[in-house]
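The structure appears right after this line, and notes come after that.
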Amino acid sequence: GVTGAVDTRFLVQAARLTEDKKDPEDVQSITLEAEGVCLDVRSGSSTKRLLDSVSVTFEGGSGTALLGPAGAGKTSLLNTVCGHGSKPSSGCVRANGGTVASAQGIATTLRGLVSFTPQNDKMFGALTVDETWRFAASLAGSHETHVQELADRLGMTDKLWTRVRRLSGGEARRVSVGLAFLSNRPVVVVDEATSSLDSITALALARALLEAATTQGRTVLTSLHAPSWALLSAGFDKAVLLGFGGRMLFS
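Positions 74 to 324 (this note's numbering) are the ones given, in order, by the sequence shown.
Right under this line is the structure:
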């Protein structure tokens, strides 16, 4: 294992994409639409439907909460509209009004525009929180001064010099979601944003995500499992409810 401090300066220099630092507010607005999207997958000799004729619009500068029980297709919908999953079996996905015909086409169209945070946090455990965020900021061409602002916003100031592998599940989740804030990408997608978080921290994180939508014009999509009323009242512009079998019950 690594026992000394990890020096990432050479990584930062090698991976730096630009010398002109970007401000998080310098993002374009992206609207994503799913129209009649169905998604079928093979399961042995049978076919299972994960999404059933889902039509929904995720507007630029807005925050959407995707709700539903486990197995309702929340992750499948997020993956499909962002090009991370399979091609829809039927229906279409649009980005700013332009129809995208395949999963590969969606991924190509949205390359560099979507920051996707999966349910499982995947980070280099030997780095500290500060190193993790500064490295991400450098890759995105962001001002590294935003790291301290992010730590204050997410309640991680006292954990900046803690290695990621020593964080609790909730702390690691905040670090992972924090990477999305530093990406400068106009679409922020977080699968199960508040998993492993206590109610107070979950509410603070939801408000931070929504602030990115309202003040920076980002399109924010997040799935929530069994959210509290306080969390739903955080200021989401839209709530989308999926039922079993991937049917949209409410939007």
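All C-beta atoms, glycine included, are put in the ideal place defined by N, C-alpha and C.
None of the values given here were measured: they were computed from a predicted structure.
| Item | Value |
| --- | --- |
| Three-pair Cβ contact test at 8 Å for the stretch 200–215 versus the stretch 235–252 | yes |
| As assigned by DSSP and simplified to three states, the class of ALA137 | Reading off the sequence shown, one finds Thr at residue 137, where the question assumed Ala. Here THR137 sits in strand by DSSP. |
| Buried or exposed by the 16-neighbour rule on C-beta atoms within 10 Å, applied to PRO161 | buried |
| Contact under 9 Å by Cβ, PHE254 with GLY144 | no |
| Per-residue DSSP class, three states only, for GLY242 | helix |
| Residues that DSSP places opposite GLY171 in a beta bridge | ALA168 |
| Buried/exposed call for TRP206, threshold 16 Cβ in 10 Å | buried |
| Cβ distance (whole Å) where GLU108 is taken to contact CYS155 below 8 Å | The pair is not a contact, with the Cβ atoms about 16 Å apart (cut-off 8 Å). |
| For PHE49, the residue or residues it bridges with in DSSP | Since the first residue shown for the chain is 74 and the last is 324, residue 49 is missing from the structure and cannot be characterised. |
| CYS111 versus LYS121 - alpha carbon distance | 11 Å |
| Bridge-paired residues (DSSP) for CYS155 | According to DSSP, CYS155 bridges with nothing at all. |
| DSSP beta-bridge partners of MET196 | DSSP output for MET196 lists no bridge partner at all. |
| Min CB distance GLY146 to chain D below 9 Å | No chain D is present in this structure, which holds just one protein chain. |
| Contact test: ASN193 Cβ vs the ligand NAD heavy atom, cutoff 8 Å | No copy of the ligand NAD occurs in the structure displayed, which carries no ligand at all. |
| Inter-stretch contact (C-beta, 8 Å, three-pair minimum) for the stretch 116–130 and the stretch 269–285 | no |
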